[in-house]
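Have a look at this one:
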């Protein structure tokens, strides 16, 4: 293929089964992912880095292990599914109230809190960066050390809830450090589906990213524009939501500018559509024509 769009070979057969009424769509699970940004020249990573000198901020990306059955080798952002315990109203909270987040995300207050908690928790679990502080207007400066790693591991194993973690550490979740950017829902023909909210956040001063994810083989700081160019050349493999959000970030001059742009972003969910027309399977993402696929009905590859 000419670009780096991830496209699993089993999709055509699953699309046919869905069109024939032989496939019941799975219910999507809510999830969150964070586009962690830093301005060019900022310190803070232990992995590979993007080329310096490229205008605009850099974004922290993970390369999924090539051995993974889903999107192996693809580049993505830190993120994951909601923990059912994250709708606990005892979570220590700073920033816009839960009601404001509910309005912004189009959810009830408990669900909105769970999504925001997932964004902050997953960023800590997979990148070692924590958007929380001892007071509502501060951010923890250092999350390194064996005791922090023990807590992070317990969060990953779900032995420790996020609310319990914050209480143990005397920390407040800084929801004001996040900006809701986009919402994508996994296509109906996928066996594992997610209703994913994409957020932007700036790397807090003093904190450093690292590859803490068991699903990633490497990490990179790279400018959105450079990442998109490498995708276009087929050098970086990505799923449609990833490259779409990278293109949108390319117009932001700084991490602060991206956060400032977030409140005006449309969070209408993007859901792929599949249909049979003129002897072809047509797969499309409304509003994102570059991802449209035309597949001959006799082609199963």
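Residue numbers (our numbering): 11 to 311. The beta carbon of each residue, even a glycine, is placed where N, CA and C say it ideally should be.
Residue 73 is not a Cβ neighbour of residue 239, given a cutoff of 8 Å. In the DSSP assignment, residue 193 falls within the unbroken beta strand (DSSP E) covering 189 to 195. Each residue's CA atom was taken as its position, placing residue 145 and residue 181 some 7 Å apart. Sorting 268, 206 and 196 by C-alpha distance to the C-alpha of residue 36 places 196 at the top. The secondary-structure analysis by DSSP pairs residue 232 across a beta bridge with 69. Membership of residue 101 in any beta strand (DSSP E) is not indicated, and neither H nor E is assigned to it by DSSP.
Residue 94: not part of any alpha helix (DSSP H); DSSP gives it neither H nor E. For residue 146, the three-state secondary structure derived from DSSP is coil. Nearest to residue 137 by alpha-carbon distance, out of 22, 274, 298 and 213, is 213.
Between residue 125 and residue 133, the beta carbon gap of about 13 Å keeps them out of contact (Cβ cut-off 8 Å). Here residue 192 is buried, its C-beta having at least 16 other C-beta atoms within 10 Å. The beta-carbon distance between residue 229 and residue 71, rounded to whole angstroms, is 7 Å. This is short enough to meet the 8 Å contact definition.
In the three-state reduction of the DSSP assignment, residue 44 falls in the strand class, which pools E and B. Taking 8 Å as the cut-off, the Cβ atoms of residue 85 and residue 248 count as close.
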